[in-house]
Amino acid sequence: MQSEAPGAGTTPFHPKIAREVIAKLLARGEHFINLVKGVMLGASTSVYLNGAKTFGFSVERGVRQECPLAPLLFALATQPLMTLMKHNFQLWQLKGFKVGDSVFLDYSLFADDMEVFSDELFTFFQELRFVLAKYEISSDARLNLTQSSILYWGWAGLLTGWPSEVVL
Numbered sequence: 023m024q025s026e027a028p029g030a031g032t033t034p035f036h037p038k039i040a041r042e043v044i045a046k047l048l049a050r051g052e053h054f055i056n057l058v059k060g061v062m063l064g065a066s067t068s069v070y071l072n073g074a075k076t077f078g079f080s081v082e083r084g085v086r087q088e089c090p091l092a093p094l095l096f097a098l099a100t101q102p103l104m105t106l107m108k109h110n111f112q113l114w115q116l117k118g119f120k121v122g123d124s125v126f127l128d129y130s131l132f133a134d135d136m137e138v139f140s141d142e143l144f145t146f147f148q149e150l151r152f153v154l155a156k157y158e159i160s161s162d163a164r165l166n167l168t169q170s171s172i173l174y175w176g177w178a179g180l181l182t183g184w185p186s187e188v189v190l
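All letters in the sequence shown, in the order written, are residues 23 to 190 by my numbering.
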């Protein structure tokens, strides 16, 4: 059976201690990168099922939710997307949803969910798909559009889907 990698076990952590450790590691740059690689590469884990521990299996992607690195890695991975979204909203290439006289809802990120708001449809979704495609190409990340949904109010038509091809 493979040994468990650091951070792959079930030991609870204290959030304050985790923040302090992460802050120190970030100050060291290369050391932090090597630590993340050590946690991610070659990691294995096992699961307790009906009171018995399964054989070890490799962790190929992601980190456990309770891993203190998970929020930091998510923030680092999505920061370029948020910067791109903010830039496009500031240029009015993407338009938010107006609430009242002066409040605009544009986008929100929480945990691993992203919400984007707009009161326009077709052109907005074309531009949004363009922004997401730029992020996918630059980060080599793939957004799972099959697990995405579009909610709309006050519009009787149907949205036929995301544009399938984006030219950069």
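We treat Cβ as the ideally placed atom computed from N, Cα and C, and that holds for glycine. Computed from a predicted structure; not experimentally measured.
Could you tell me the alpha carbon to alpha carbon distance between residue i and residue j, rounded to whole angstroms?
i, j, result
"Cys89", "Ala99", "16 Å"
"Lys117", "Ser66", "44 Å"
"Leu91", "Ala97", "10 Å"
"Leu94", "Glu142", "33 Å"
"Leu125", "Met107", "According to the sequence displayed, residue 125 carries Val and not Leu. Rounded to whole angstroms, Val125 to Met107 spans 18 Å at the Cα level."
"Asp135", "Asn166", "11 Å"
"Thr76", "Met104", "39 Å"
"Leu154", "Ala74", "43 Å"
What whole-angstrom Cβ distance do residue i and residue j have, given they're in contact under 8 Å?
i, j, result
"Leu127", "Val121", "6 Å"
"Phe132", "Ser140", "About 18 Å separates the two Cβ atoms, so there is no contact after all."
"Arg164", "Glu158", "6 Å"
Per DSSP, residue i forms a beta bridge with which residues?
i, result
"Glu137", "Ser130"
"Tyr157", "Paired residue(s): none; Tyr157 is not in a bridge."
"Ser124", "Per DSSP, none; premise fails for Ser124."
"Leu71", "Ala74"
Is the beta carbon of residue i less than 8 Å from the beta carbon of residue j?
i, j, result
"Leu102", "Ser170", "Leu is not the amino acid found at residue 102; the sequence shown has Pro there. It is not a contact, given that the beta carbons lie outside the stated cut-off."
"Asn149", "Gln115", "One point to set straight first is that residue 149 is Glu, not Asn, in the sequence displayed. Yes, Cβ-Cβ distance for Glu149 and Gln115 is below 8 Å."
Can you find a CB in chain B that lies within less than 8 Å of the CB of residue i?
i, result
"Val138", "Of the protein chains in the structure, only one exists, and it is not chain B."
Can you tell me whether residue i is helix, strand or coil according to DSSP?
i, result
"Leu91", "helix"
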